[in-house]
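Numbering (this note's numbering), first residue to last: 27 to 165.
Every residue, glycine too, gets a C-beta built ideally from N, C-alpha and C.
Predicted model only: the values in this text are computed from it and were never measured.
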């Protein structure tokens, strides 16, 4: 963020991420038509609340209709019948850069994903342009 004088401070931190993370569903639902969900901002209230509701390394969010949307720092992909699926933007997820790349490459397909899909999925993945594609295990 810019300082009061308009200067942009420079800093860098390393990311220590595991190739595999545990996930669980958070209890609070997001509103799929909340315009703020479609933009990356510094307001992390929704994501911080979701993380406070789980004991795993990452929280999965759902919308008011029970559709899986995203995790607190990544887009979600589920393998069902050998095909990787990701929620459509209309479910209420951030249009991630890596998610878009995977869609354009035909590696993932949009589909509404529900809790029962999570439970029956062959694999779970979290995708993020900084962290890459990480395998997730349901806690």
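Among the bridge pairs identified by DSSP, residue 105 is matched with 110 and 149. In the three-state DSSP reduction, residue 97 falls in the strand class (E or B). Looking at the backbone, the Cα of residue 106 and that of residue 123 are separated by about 23 Å. Contact check for residue 161 and residue 151: beta-carbon distance about 6 Å, within the 8 Å limit, so the pair qualifies.
Of the residues assessed, residue 46 falls on the exposed side of the cut-off, its CB having fewer than 16 other CB atoms within 10 angstroms. By alpha-carbon distance to residue 49, the top candidate from 136, 121, 110 and 100 is 100.
Closest option to residue 52, judged by alpha-carbon separation, among 31, 95 and 130: 95.
Note on residue 83: 16 or more other CB atoms within 10 angstroms of its CB, so buried under the neighbour-count rule. With contacts defined as CB atoms closer than 8 Å, residue 121 and residue 115 qualify as a contacting pair.
Less than 8 Å separates the beta-carbon of residue 98 from that of residue 73. Excluding five sequence positions before and after residue 30, none of the CB atoms of its chain fall closer than 7 Å to its own CB. In the structure shown, the three-state DSSP call for residue 156 is coil. By the C-beta density criterion, residue 156 is exposed, having fewer than 16 other C-beta atoms within 10 angstroms.
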